[in-house]
Amino acid sequence: MKDSITHKHIAILDFGSQYTHLISRRLRDARVFSKIYPHDTPAKTLASERPIGVILSGGPKSVYEADAPSYDAKLFELGIPILGICYGQQLIARQFEGEVKHGKVREYGFAKFKIKIEKSKLFHDIADVLDVWMSHGDIVTKLPAGFTVTGATKNCPIAAMADTQRNIYGLQFHPEVHHTKDDDNILRNFAFKICKAEKDWQIGDIIGDILTEIKIHVRTKKVFMLVSGGVDSTVAFALLQKALGEKNVIGVHIDSGLMRKDESQKILSDLNNAGLTNINRVDAEDRFLKQLKNIRDPEEKRVIIGETYMDAAEAWLSENQGDILQSEKWLIGQGTIYPDTIESGGTLKADKIKTHHNRVQRILTMIERGKIIEPLKNLYKDEVREIGAKLGLPKKLLSRHPFPGPGLAVMIMCSQARLYIPKIALPKDTTILPIQSTGIQGDNRTYAYPLAVWKTWNFERMSRFATEFTNHHKKINRVVQVVWAKKNQEEKTHPNFSHTPGLFVTKDRLELLQKIHERVTRIVKDERLYDKIWEFPIILLPIGLTKNGQSVVLRPISSKEAMTVNAYSLPRATVQSIVYAIRQFDEIEAIFYDVTDKPPATIQWE
Numbered sequence: 001m002k003d004s005i006t007h008k009h010i011a012i013l014d015f016g017s018q019y020t021h022l023i024s025r026r027l028r029d030a031r032v033f034s035k036i037y038p039h040d041t042p043a044k045t046l047a048s049e050r051p052i053g054v055i056l057s058g059g060p061k062s063v064y065e066a067d068a069p070s071y072d073a074k075l076f077e078l079g080i081p082i083l084g085i086c087y088g089q090q091l092i093a094r095q096f097e098g099e100v101k102h103g104k105v106r107e108y109g110f111a112k113f114k115i116k117i118e119k120s121k122l123f124h125d126i127a128d129v130l131d132v133w134m135s136h137g138d139i140v141t142k143l144p145a146g147f148t149v150t151g152a153t154k155n156c157p158i159a160a161m162a163d164t165q166r167n168i169y170g171l172q173f174h175p176e177v178h179h180t181k182d183d184d185n186i187l188r189n190f191a192f193k194i195c196k197a198e199k200d201w202q203i204g205d206i207i208g209d210i211l212t213e214i215k216i217h218v219r220t221k222k223v224f225m226l227v228s229g230g231v232d233s234t235v236a237f238a239l240l241q242k243a244l245g246e247k248n249v250i251g252v253h254i255d256s257g258l259m260r261k262d263e264s265q266k267i268l269s270d271l272n273n274a275g276l277t278n279i280n281r282v283d284a285e286d287r288f289l290k291q292l293k294n295i296r297d298p299e300e301k302r303v304i305i306g307e308t309y310m311d312a313a314e315a316w317l318s319e320n321q322g323d324i325l326q327s328e329k330w331l332i333g334q335g336t337i338y339p340d341t342i343e344s345g346g347t348l349k350a351d352k353i354k355t356h357h358n359r360v361q362r363i364l365t366m367i368e369r370g371k372i373i374e375p376l377k378n379l380y381k382d383e384v385r386e387i388g389a390k391l392g393l394p395k396k397l398l399s400r401h402p403f404p405g406p407g408l409a410v411m412i413m414c415s416q417a418r419l420y421i422p423k424i425a426l427p428k429d430t431t432i433l434p435i436q437s438t439g440i441q442g443d444n445r446t447y448a449y450p451l452a453v454w455k456t457w458n459f460e461r462m463s464r465f466a467t468e469f470t471n472h473h474k475k476i477n478r479v480v481q482v483v484w485a486k487k488n489q490e491e492k493t494h495p496n497f498s499h500t501p502g503l504f505v506t507k508d509r510l511e512l513l514q515k516i517h518e519r520v521t522r523i524v525k526d527e528r529l530y531d532k533i534w535e536f537p538i539i540l541l542p543i544g545l546t547k548n549g550q551s552v553v554l555r556p557i558s559s560k561e562a563m564t565v566n567a568y569s570l571p572r573a574t575v576q577s578i579v580y581a582i583r584q585f586d587e588i589e590a591i592f593y594d595v596t597d598k599p600p601a602t603i604q605w606e
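Counting from 1, position 481 in the sequence shown corresponds to residue 481 in full-length UniProt numbering; the numbering is continuous, with no gaps.
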């Protein structure tokens, strides 16, 4: 990427938020150049690069913790506008002798924000009341001297503050997240009204920069790359071949057996038709199933899958190309995008949400050795799609729903040990499911339980309830609606779900989920909903109503960059069609609809 030499830029100090790069993305979308710096960047260094403004990101720590990220307080003496977001606002409050405490209610999700100061430049031309995206446990409880309250929510009296004399502003919510109404306008106001930025940067610059960087990085070497057929690996492979030539980039598609039904065959055909050749197929299903036998821990599964991909690739390379992974004449290409590095704890202070299959230790070691090239590592899914379109790749390849590298293995939840169902007061017609899933609250990973609701509420009410309940109960990070259960018609009360022991990633469970996925996808496409949904995971759970029962979770979502998502509201008729199709499988005893946003829930359950 180009430096800020020819562009006025806004500096972003990264305190470990899962959303730090979204801030940069929003500014890019507004055609304002931005650069992300470590949180402890000296003020002198910042001054030498002449930013026109500084944004302090959110982060997972409390400003009062001993290991809170350090920063150079002299940045407040640079005389340029500063905006603190979430943790950034709390840092500003503490810096200027305000007060920060744990809030009575943790807020993760939507909140109603009311503007208190009509003439605030930050809220220029923005509605007085708007929905904002909260993700915090601490709040500012006492204003620093010189600051005024510019906005509040029900649970956060100081949700926005400002010292207009010093041009320092704070927001407790996340304007960078698309779920915040008028999100772009708030950051644009900071850029244009306060920092006096100019629209002198555009996404078209990215492709030329990436191609140049590839050539500089690779020089006379060749590149080997695993190509899954997903949007990210496809675009990365296309960029590498465009920069280096087809003969200098070898692709390998590993058929892990963990894909959707007949997926590998379809992928290779589509890639070939798009002009992406020199890709070899490796059948490794038996290798993966053997390594995953009796493995129940989600993190261990991801690590094993990442390592097994490399084992399968090395075996093929050894037989066909020699030991090129150790050769100084070869590099390894990856389709890593920025959310992968964030959720793996790839930013300086970010909490690890999960290990991505392309962030296992072997890959990290190769990165340290300079053996890895990742053309998309600073980009987001929608940007990747746009670049793919500019490269001339067909829509068929670019509009595919995202699919995790570990495949269905992370949608097949295994029997868990040592479940301790939390004892909390529950609303009527709800029950805690005997299974734990991964979530994200604040900027930290959670491992907690889903709450199942038996009542048939409309989607909006269910979604609102999910946000409110998970905000108040940290041991619950998802809410699902029971849309069908195989119960005895004579039962007058809701049956209890039980955890089924002895279920792991096996050939039988893979084939079951592949068939269910195929039927659901067909229904969604037939009803012309496929392109409206960002992603549609279907999760197989080791819980049921009998000793051998299993269940299915429907998890359709809408998003733009996967850093935050909304549960997608399917038409009732579509849900009924899907339920009817899944009910035909005798193994399935219940069907749930996950209505939880991210945060507090991640997209996948593992």
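Idealized CB from N, CA, C, for every residue including glycine.
Rounded to the nearest angstrom, what separates I267 and N248 at their Cα positions?
So the two alpha carbons sit approximately 22 Å from each other.
Determine whether the beta carbon atoms of E535 and I516 lie at a separation below 7 Å.
No, these two residues do not count as a Cβ contact at 7 Å.
Roughly how many angstroms separate the alpha carbons of K301 and S17, rounded to a whole number?
Those two C-alpha atoms are separated by around 26 Å.
Rounded to whole angstroms, what is the Cα-Cα separation between G346 and T456?
Confidence in G346 is poor, its pLDDT being 49 and thus under 50, which makes the residue's placement unreliable; the coordinate value appears in the next sentence. Those two C-alpha atoms are separated by around 41 Å.
Using alpha carbons as the reference points, say which of I435, R166 and I194 lies closest to R478.
Nearest C-alpha to R478: I435.
Closest to K121 by C-alpha separation, out of S70, D72 and Y169, would be which residue?
The residue with the shortest Cα to Cα distance from K121 is Y169.
Among F76, L540 and T574, which has the Cα closest to the Cα of C414?
For C414, the nearest C-alpha among the options comes from L540.
Can you list, in chain order, the stretches of the beta strand (DSSP E) that have 3 or more residues and sit fully within the stretch 437 to 520?
DSSP runs (the beta strand (DSSP E)) wholly in the stretch 437 to 520: 437 to 441, 444 to 453 and 476 to 485.
List the DSSP bridge partners of D311.
Paired residue(s): none; D311 is not in a bridge.
For L13, which residues does DSSP report across the bridge?
BP columns for L13 point to Y37 and L56.
Would you kindly check if the distance between the Cβ of F147 and the Cβ of D131 is under 7 Å?
Contact: no.
Classify P375 as buried or exposed, calling it buried when 16 or more other Cβ atoms lie within 10 Å of its own Cβ.
Burial call: buried.
Measuring only between beta-carbons, confirm whether Q202 sits less than 7 Å from chain C.
Here there is only one protein chain, and chain C is not present.
Using the rule of at least 16 other Cβ atoms within 10 Å of the residue's Cβ for burial, across every protein chain shown, is G322 buried or exposed?
Exposed is the call here.
Per DSSP, what are the beta-bridge partners of A573 in this structure?
In the DSSP output, where bridge partners are listed per residue, A573 has none listed.
Using the beta-carbon count (16 or more within 10 Å), is I216 buried or exposed?
Exposed, by the Cβ-count rule.
What are the start and end residues of the alpha helix (DSSP H) that includes V384?
K381 to K390 is the extent of the alpha helix (DSSP H) around V384.
Given A466, which residues of its chain have a CB within under 6 Å of its CB, disregarding the five upstream and five downstream residues?
Cβ neighbours of A466 beyond the five flanking positions: V479, V595 and T596.
Please determine, among W484, T493, V524 and L529, the residue with the shortest C-alpha to C-alpha distance to I591.
Out of W484, T493, V524 and L529, W484 has the C-alpha closest to the C-alpha of I591.
Alpha carbon to alpha carbon, how far is H253 from Q334? Give it in angstroms, no decimals.
Spanning the two alpha carbons is a distance of roughly 12 Å.
Roughly how far, in whole angstroms, is the beta-carbon of K475 from the beta-carbon of A448, given that I think they are within contact range, below 8 Å?
That belief holds up - the Cβ atoms of K475 and A448 are roughly 5 Å apart, short of 8 Å.
Tell whether a beta-carbon distance below 7 Å holds between Q481 and V453.
Closer than 7 Å, so yes.
Which residues bound the alpha helix (DSSP H) around F237?
Where F237 is concerned, the enclosing alpha helix (DSSP H) stretches over V231 to L244.
Would you list the one or two residues that DSSP bridges to W330?
According to DSSP, W330 bridges with K222.
Is it the case that the stretch 154 to 164 contacts the stretch 125 to 144, given that we only count it when at least three CB pairs across the two stretches are under 8 Å?
In short, these stretches touch, since the Cβ pair count reaches three.
Leaving out five residues before and five after I52 in sequence, what residues of the same chain have Cβ atoms less than 8 Å from its Cβ?
K8, H9, I10, I80, P81, C195, K196 and A197.
What are the boundary residues of the beta strand (DSSP E) that includes H253?
Its beta strand (DSSP E) spans residues V249 to D255.
Thinking C-alpha only, which one of T41, M134 and I538 is nearest G58?
Of T41, M134 and I538, the residue nearest in Cα terms is M134.
Could you say which of I387, D255 and I117 lies nearest to A238 if we only look at CA atoms?
For the residues I387, D255 and I117, the minimum Cα distance to A238 belongs to I387.
Could you work out which residue in A47, I55 and S48 is closest to S34 when comparing CA atoms only?
Closest by alpha carbon: I55.
Assign Y64 to one of three DSSP states: helix, strand, or coil.
DSSP places Y64 in coil when its eight states are reduced to three.
Rank T234, R400 and I279 by C-alpha distance to the C-alpha of T336 and give the top, closest one.
Checked all of T234, R400 and I279; the closest Cα to T336 is T234.
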